[in-house]
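The number in the working numbering is simply the position in the sequence shown, starting from 1, with 30 added.
Cβ atoms here follow ideal geometry from the backbone N, Cα and C, with glycine treated the same way.
Below: the structure, in structure tokens.
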Amino acid sequence: MLLFCFNVGLSIEYDENNNTFQFSQLTVCDDIAPFNSYAYVCINDIILLFGGWNGDADNRNIVSKSVYKYSIRENKWTTFKNTLPSQLRDSIAILDEENNHIYIIGGSNNKSKLLSTKIEIKALSTHMKTK
Numbered sequence: 031m032l033l034f035c036f037n038v039g040l041s042i043e044y045d046e047n048n049n050t051f052q053f054s055q056l057t058v059c060d061d062i063a064p065f066n067s068y069a070y071v072c073i074n075d076i077i078l079l080f081g082g083w084n085g086d087a088d089n090r091n092i093v094s095k096s097v098y099k100y101s102i103r104e105n106k107w108t109t110f111k112n113t114l115p116s117q118l119r120d121s122i123a124i125l126d127e128e129n130n131h132i133y134i135i136g137g138s139n140n141k142s143k144l145l146s147t148k149i150e151i152k153a154l155s156t157h158m159k160t161k
């Protein structure tokens with residue numbers, strides 16, 4: 031299991047035979063480190079993360095429209111040049127059964143307005159241009 035939140039990345043593995051957990055710290059790229067509340071989906075050995083929020087509702091309320099890729103095998107982060115059409119946080123991402131399309135649903139914007147967002151992305155576009 032992989033967990034990402036703000037600047038913390040964690041890999042957790044469970045050994046059923048010995049009933050033990052092993053924890054490993056993962057790197058988090060500087061671009062995504064200020065954020066949480068992003069949508070994400072796992073395709074094979076990569077995790078795609080969409081949008082996010084810096085968690086500061088009072089002062090610098092920043093909601094992202096960026097798209098990030100984390101390669102599990104390479105332990106490498108990539109930020110895409112292409113972004114979401116608008117700022118988005120607290121949404122969900124779903125991969126269809128054929129692994130062809132990613133659907134991003136719901137969420138809210140930088141003014142905490144609830145959105146009825148429906149974004150469809152071709153999964154092959156995960157090879158979009160990167161920064």
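Within the same chain, F36 and N37 come within 7 Å of A63 by CB-CB distance, once the 5 residues on both sides are set aside.
Counting of Cβ neighbours within 10 angstroms places R103 among the exposed residues, the total staying below 16. In this structure, DSSP gives A153 a helical state, which the three-state scheme calls helix. Contact between L32 and I77 holds, with the beta-carbon distance rounding to 7 Å and staying under 8 Å. DSSP lists L78 and T108 as the beta-bridge partner residues of K99. N129 is not a Cβ neighbour of V93, given a cutoff of 8 Å. For G39, the uninterrupted beta strand (DSSP E) segment begins and ends at V38 to D45.
In this structure, K95 sits near L118, with a CB-CB distance shorter than 8 Å.
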